[in-house]
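Peer 1:
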Amino acid sequence: MKKIIHFTFIVFAGMAVFSACTKSGTDGPVNPPQPPPANADTVIISKKQMRAVWMATVWGLDWPVNQYDMAAQKKLYTDYLDKLKNLNMNAVFVQVKGMGDAFYNSPYEPWSTSITGTRGKDPGYDVMKFMIDEAHTRGIEFHAWLNPFRIATRAGSSTPYPALHASVKPEWVVSHEKWQMYNPGVPEVRQRLADIVKDIVSKYAVDGIHMDDYFYPDPASAGTMVSDQPDFEKYGSGFTDIKAFRRANVDQAIKGVYDVIVSTKPEVVFSISPTSNFDYNLNTLYADIVKWAKEGWMDVVIPQIYQHASFSTRLNDWDRFNNKPHLMVGHAIYFPESTPAQLSTELDLTQKKKSVVGNLFYSAKYLNEKPELAAKFAEIFTRPAVIPFLGRAVAPAPASPQNVRLEGNMLKWSTSGNVRLVVYHTTDLKTESKVLAITTANEFVVSTNGFYTVTTINADNMESKAAKYVVK
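Residues -22 to -1, 1 to 450 in mature numbering (1 follows the signal peptide of the UniProt record, and there is no 0) are what the sequence shown lists, from first letter to last.
1. For residue 313, count neighbouring Cβ atoms within 10 angstroms of its own Cβ and tell me buried if that reaches 16, exposed if not.
2. Going by other Cβ atoms of all chains shown within 10 Å of its Cβ, with 16 needed for buried, is residue 2 buried or exposed?
3. What is the DSSP secondary structure of residue 38, counted as helix, strand or coil?
4. Over the uninterrupted beta strand (DSSP E) stretch that includes residue 73, give me the two end residues.
5. Exposed or buried, residue 190, counting other C-beta atoms within 10 Å across all chains shown (16 or more means buried)?
6. Per DSSP, residue 282 forms a beta bridge with which residues?
7. Identify every run of the beta strand (DSSP E) within the segment 121 to 204, keeping only runs that are complete inside it and at least 3 residues long; order them along the chain.
8. DSSP has residue 392 in a bridge; who is on the other side?
9. Around the Cβ of residue 376, are there at least 16 other Cβ atoms within 10 angstroms (buried) or fewer (exposed)?
10. Among the residues of its own chain, which have a CB less than 6 Å from the CB of residue 34, if the five just before and after it don't count?
11. To the nearest angstrom, how far is it from the Cα of residue 171 to the Cα of residue 28?
12. Are residue 379 and residue 434 close, meaning C-beta to C-beta below 7 Å?
13. Is it buried or exposed for residue 149, if we count other Cβ within 10 angstroms and need 16 for buried?
14. Considering just the uninterrupted stretch of the alpha helix (DSSP H) at residue 213, what are its terminal residues?
15. Mind checking whether residue 344 and residue 310 have CB atoms under 7 Å apart?
16. Please identify the residue among 227, 117, 131 whose C-alpha is closest to the C-alpha of residue 165.
17. From residue 212 to residue 298, what distance separates their C-alpha atoms?
18. Once you ignore the five residues that flank residue 192 on each side, which residues in its own chain have a CB closer than 6 Å to its CB?
19. Who are the near neighbours of residue 151 in its chain, counting only those whose CB is closer than 8 Å to its CB and skipping five residues on each side?
20. Would you decide whether residue 9 is buried or exposed? Buried here means 16 or more other CB atoms lie within 10 Å of its CB.
21. Report yes if the C-beta distance between residue 432 and residue 384 is below 7 Å; otherwise report no.
22. Work out the CA separation of residue 410 and residue 486 for me, nearest whole Å.
23. Skipping 5 residues on each side, what residues in its chain have a beta carbon closer than 8 Å to that of residue 237?
24. Can you name, in chain order, every residue of its own chain whose Cβ lies under 6 Å from the Cβ of residue 469, other than the five neighbours on each side?
25. Assuming residue 322 contacts residue 358 (C-beta within less than 8 Å), just tell me the rounded distance between them.
26. Along the beta strand (DSSP E) that carries residue 421, what are the first and last residues, could you check?
27. Should the segment 181 to 188 be called in touch with the segment 249 to 261, which here means at least 3 C-beta pairs below 8 Å?
28. How close, in whole Å, do the beta carbons of residue 361 and residue 412 come, if the pair is a contact with beta carbons under 8 Å?
29. Do residue 436 and residue 397 come within 7 Å of each other at the CB atom, strictly closer than that value?
30. Out of 288, 279, 370, which has the shortest C-alpha to C-alpha gap to residue 439?
31. If you draw a straight line from the alpha carbon of residue 268 to that of residue 31, how long is it in whole angstroms?
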């Protein structure tokens, strides 16, 4: 998935649009600053944060690692989730469409080779439903990660590409030397992508749809490329520049996905993870991130700031995303130089940015392969975190818990509806509180002296006002 970009980083003047980007509807500030206590009833609520990993499945990278036994696959996945839960992480981004394939019974794509070793072979269980259910059981969000156009890769032209799904017309596909892909210049391809997303969000309780940085391919990866001049001549009327035509094709694909999410299941969050290099995105991948932000076609942007040496500089540039879309940061934890000290530095920098509402780490297996990093995560993420409100308000607004009280060492409250409860604690009303628990119960055992309050969170991750605190 993740490409390391060594191009000179160029920040376009157009970045200024992010400061003013807003989206109509019921969207609001993701993590508005909490005012200082105005009276004796107020506790300062801690900053919200999504903490997630990418779980790559192409070539079985993170899952299932060439394990084709159902029980072994399930155990590997639930072991990952248990580790995330123990590290106080709260979301997983699983690659469910990596090579023009699917992790569920799709009318558009064959079953993934990664699951059984054979493209198109039914694994005997609904992989995506299992993954979603297990994540939700642990209070972890599930975001379905899609590669929109890639179908297959190969080392060179002497190796044939796999047969296409029966629903795919050959004229929709372009086969470069090392990269086979759906052609973004064909209108039916863009519509088909939207149809695939609609199929997923209609059938499954995904919390988000996620795309990374694979749009038009980098010639350095694709090898000798098939010319798209015929596409330009057929579909490009109104464009004098073939690069503008390519950008418009990707624009329409992104808008189509966003629109179908909003019209089908608006509570689903749409996120995109571009490279950290704006020029490379715009002129090689033809991904106009600035325009997508201005138009409001994505809810969250997660730049892959994988360059450790220039992390701070690039973070400052992406900090221009200070309102919409919401900003998270993608971190590389797979390099030899991805040390605990580097991880600590990067997380400290992002935590200080009010605009940054989450962190996403590539990739899941390095939590096992680098135990020193897992130990550092445990040291940093000592408490659970509340995922911020990122999308659209669909569920009823949550009401504050009532009758919050202490009965000995038991903190109790009353509430109703489909909500989760967050228990906060502080020993000083002038400092930010800490999350003790996110629960569905109406009581929680406390032992430390201090100030306690409780909030509710609805299915959209919208949080109520805090109840009046109690003192132990």
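Where a beta carbon is used, it is the ideal one built from N, C-alpha and C, also for glycine.
Model, not experiment: these values are computed from the prediction.
Peer 2: Quick look at the numbers:
1. Its Cβ having fewer than 16 others within 10 Å, residue 313 is exposed.
2. Note that residue 2 has pLDDT 37, beneath the 50 cutoff, so the model's placement of it is unreliable and the number below is only indicative. Within 10 angstroms of the beta-carbon of residue 2 lie fewer than 16 other beta-carbons, which makes it exposed.
3. In the displayed model, residue 38 falls within a helix according to three-state DSSP.
4. Element bounds for residue 73: 69 to 75.
5. Buried: at least 16 other Cβ atoms inside 10 Å.
6. As DSSP reads the structure, residue 282 sits in a beta bridge with 253, 308.
7. Fully enclosed beta strand (DSSP E) runs of 3 or longer: 128 to 131, 151 to 153, 157 to 160, 186 to 189.
8. According to DSSP, residue 392 bridges with 380.
9. Buried, because 16 or more other Cβ atoms sit within 10 Å of the Cβ of residue 376.
10. Its chain contains -22, 40, 73, 341 as the residues whose beta carbon lies nearer than 6 Å to that of residue 34, once the 5 sequence neighbours on both sides are disregarded; these appear in chain order.
11. One alpha carbon belongs to residue 171, the other to residue 28, and they sit about 27 Å apart.
12. For residue 379 and residue 434, yes; Cβs fall inside 7 Å.
13. By the Cβ-count criterion, residue 149 is exposed, with fewer than 16 other Cβ atoms from all chains shown falling within 10 Å of its own Cβ.
14. Segment 207 to 213, the alpha helix (DSSP H) holding residue 213.
15. Taking a C-beta distance under 7 Å as the contact criterion, residue 344 and residue 310 do not qualify as a contact pair.
16. Proximity to residue 165 across 227, 117, 131 peaks at 227, based on C-alpha coordinates.
17. Near 38 Å, if we compare the C-alpha coordinates of residue 298 and residue 212.
18. Same-chain partners within the cutoff: 125, 128.
19. Same-chain partners within the cutoff: 129, 142, 158, 159, 160, 161.
20. A caution first: residue 9 carries a pLDDT of 48, below 50, which makes its placement in the model unreliable, though a value can still be read off. Burial check for residue 9: the Cβ neighbour count within 10 Å reaches 16 or more, so the residue is buried.
21. Contact: no.
22. For residue 486 there is no data in the structure shown, the boundaries of the chain being -22 and 450.
23. For residue 237, the CB contacts under 8 Å within the same chain, skipping 5 residues up- and downstream, are 172 in chain order.
24. Nothing can be reported for residue 469: it is not among the residues displayed for the chain, which extend from -22 to 450.
25. So it is a contact: roughly 7 Å between Cβ atoms.
26. 421 to 423 is the extent of the beta strand (DSSP E) around residue 421.
27. A contact between stretches requires three or more CB pairs, one per stretch, nearer than 8 Å, and the segment 181 to 188 meets this requirement with the segment 249 to 261.
28. Going by Cβ atoms, the distance from residue 361 to residue 412 rounds to 5 Å, so yes, they are a contact pair.
29. Yes. Within cutoff.
30. For the residues 288, 279, 370, the minimum Cα distance to residue 439 belongs to 370.
31. In a straight line, the C-alpha of residue 268 is about 25 Å away from that of residue 31.
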